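Chains as they are written, first to last, in the working numbering: chain A, 1 to 596; chain B, 1001 to 1098. Glycine included, C-beta positions come from ideal geometry on N, C-alpha and C. Computed from a prediction, not measured in an experiment: that's the story for all the values here.
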């Protein structure tokens, strides 16, 4: 094992997960949760590019610590987000939720620093397990069912990845995880791509996300919105940059997500569809594949983790306080939850790309990268999605959650929001604004430093263009506010097909099995049962003649010993003392005889 | 007024009181005027500040982005709420998960 100054953040999170169940006390152990994210932040800012923690295992070389600019920028934002997420969840007493969260985060770091496909696969699956529990531990019927579907779906995604990496190894003799040339792509590369696309929620493989994330715990969904899809973005950027199919897929995702978000009534499902949409920007940037586009995708992943985490925190805080996340049941809460509203709006304006907030930098850089690469339709699709984003997350969700045309709802009973939740939200809100005002904070960590100056965000035109686009999108919302009003409903999505496939597989397996079972029962009745009866008669004979004889005689013997024993065990102390004396004398006699 | 007002923890703070005070019809009207004035100002600025690097053809013209935002926004809401959702809408417990 070769190491130098590298510290793997996953180690700190795994140690926390192992230690947590054994930590005593009701609450004091919670402070220890902060150690791992602080260690991760230190590591993300101090680790230097290189290969570390190489292990030989079964004739393979595993690289647990492959560090370069791409892995470092993702590790950095993962570390910051883990700190904000843990701050937000410090009030939770359920150790199980914390163990699931830190295992999940450890999986994310493991993937980001993986230098080979085997290491990647192990941590990929660890994420899948951790996140399943973050949904399940909400402990409602619908969350348990959703977690089961989520796990099944990610198992399929994991198997696609496993099949691809094994076939790739068979063909190339290596598990090395690096760029794959689209010009010489083989079927196994497409299997790996499909596995990654499941986690990136690429349409039509995306429906697990809006199914599971709204059903996770309030704090668990904050973690999930940051790590699974962005880890997938990272692995796509590392292996599949420049694959044109991703540029198209990303644009479809960006528009598809906002269309569904415009229909939805459930606040966290709206945000889930917006993960699909925003990850679409990143996937499109990766598909375009130029240095500025990949920089844009990485910057957008960074900004997105911060504002999406904050959006889920805001919606989660409303759910925590009001007990519902359905917009038609909310409204009139702006004055009741003013700081939640302010933090939510910082995130909403960030995701919309409003000047001053970080989305203004990263979203426009991605669109610029696509346009400069002459991917005009991709760039135009991303602009369309920007309009839909502002309408659905920037206006519709906060309007109906906090105002809704209703007077302030002073009568609604609200559960007090723990102060640590405000700290988590405040941290991310500050970072969203800082990155927007000082883009060099983000620029200095982008994977292609030579391309960072191709796009200058703070020009008069860029500010005015964003202001006009969003302002007049706002006018569209104002005119359409009575049309877009949300109502209780389930909107069919591709999970209808997943369920159909699941049901078909169930019947495919169960019906032939039932048919075979019927045939087997008949054969058994006709042939097997007679044989069994014959064997049974033989067994009975053997049992009566041999076994019973042994067992009965053993029993008789035991009874005889018992009767003799009962003579001595009469409960009278004097008899016992006498017996002990006799025994002691006997032992002494034997000893004396032996000495002699 | 019940005592669980802002965030369920006592009386509303300054921000809560300010937000509550903005819901009167007069204040809403004032905010609406501010909003339309801001839109007008942005459009006016577009007369002087223009796009020197158009990517889509039509975006070389002034007022393209205001028109784009408004048209795409209205079209998207109508498409989604009037055409798509009526086709795919089911009851909340359609799958029996709740």
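At a C-beta separation below 8 Å, residue 1049 of chain B has these neighbours in chain A: 460, 461, 464. Taking the Cβ atoms as the reference, residue 408 of chain A lies roughly 59 Å from residue 511 of chain A, outside the contact range of under 8 Å. The alpha carbon of residue 11 of chain A has as its nearest neighbour, out of A:30, A:36, A:129, A:240, the alpha carbon of A:36. Taking the Cα positions, residue 332 of chain A is about 21 Å away from residue 418 of chain A.
Sequence-ordered contacts of the stretch 462-490 of chain A with chain B read 464, 465, 467, 468, 469, 470, 471, 472, 473, 474, 475, 476, 477, 478, 479, 480, 483, 484, 488, 489, 490 [C-beta pairs closer than 8 Å]. Contact residues of the stretch 34-63 of chain A toward chain B are absent (C-beta to C-beta distance below 9 Å). Taking a Cβ-Cβ cut-off of 8 Å, the neighbours of residue 1085 of chain B in chain A comprise 263, 489, 491, given in sequence order. Against chain A, the CB of residue 1017 of chain B has a partner CB under 9 Å away; the residue lies at that interface.
At least 9 Å separates the beta-carbon of residue 121 of chain A from that of residue 100 of chain A.
Residues of the stretch 315-334 of chain A that bring their beta carbon within less than 8 Å of a beta carbon in chain B comprise 321, 334, in sequence order.
Secondary structure within the stretch 350-388 of chain A: the alpha helix (DSSP H) runs of 4 or more consecutive residues, fully enclosed, are 358-372 (chain order). Taking CB atoms only, residue 355 of chain A has no neighbour in chain B less than 9 Å away. Of the residues A:530, A:170, A:405, A:450, the one whose Cα lies closest to the Cα of residue 1020 of chain B is A:405. Under the three-state reduction of DSSP output, residue 216 of chain A falls in the coil class, being neither helix nor strand. Relative to the Cα of residue 103 of chain A, the nearest Cα in the group A:124, A:116, A:88 belongs to A:124. Out of A:401, A:523, A:257, the CA that lies nearest to the CA of residue 494 of chain A is found in A:257.
Selection A:318, A:314, A:275, A:326 evaluated against residue 305 of chain A yields A:275 as nearest (Cα-Cα).
In the three-state reduction of the DSSP assignment, residue 181 of chain A falls in the coil class, being assigned neither a helical nor a strand state.
Taking the C-beta atoms as reference points, residue 75 of chain A is found no nearer than 9 Å to residue 117 of chain A. Ranked by how close their Cα comes to the Cα of residue 153 of chain A, the residues A:199, A:168, A:165, A:178 have A:199 in first place.
Distance check between residue 91 of chain A and each of A:526, A:470, A:26, A:166 places A:26 closest, using alpha-carbon atoms only. For residue 455 of chain A, the secondary structure class from DSSP, reduced to helix, strand or coil, is coil.
Residue burial annotation: residue 73 of chain A is buried, with at least 16 other C-beta atoms found within 10 angstroms of its C-beta.
Annotated three-state conformation of residue 54 of chain A is strand, per DSSP.
For residue 300 of chain A, the enclosing alpha helix (DSSP H) begins and ends at 291-322. Looking at the DSSP output, residue 67 of chain A shares a beta bridge with A:50.
By the criterion of a C-beta distance shorter than 8 Å, residue 277 of chain A is surrounded in its chain by 253, 254, 255, 256, 257, 258, 261, 385, 388, 389, once the five residues flanking it on both sides are discounted. Contact between the stretch 1040-1054 of chain B and the stretch 443-450 of chain A is absent, with fewer than three C-beta pairs closer than 8 Å. Beta-bridge partners of residue 60 of chain A (DSSP): A:57.
Put simply, the CB of residue 372 of chain A is near chain B, with a gap under 9 Å to one of its CB atoms. If you draw a straight line from the Cα of residue 522 of chain A to the Cα of residue 509 of chain A, it comes to about 20 Å. Secondary structure of residue 95 of chain A (DSSP, three-state): helix. For residue 7 of chain A, the closest of A:24, A:23, A:67 by C-alpha to C-alpha distance is A:67. Burial of residue 345 of chain A is indicated by the presence of at least 16 other C-beta atoms within 10 angstroms of its C-beta. Contacts with chain B (Cβ-Cβ distance below 9 Å) from the stretch 524-551 of chain A involve no residue at all.
Taking 8 Å as the upper bound for CB-CB distance, residue 480 of chain A and residue 1077 of chain B are in contact here, some 4 Å apart.
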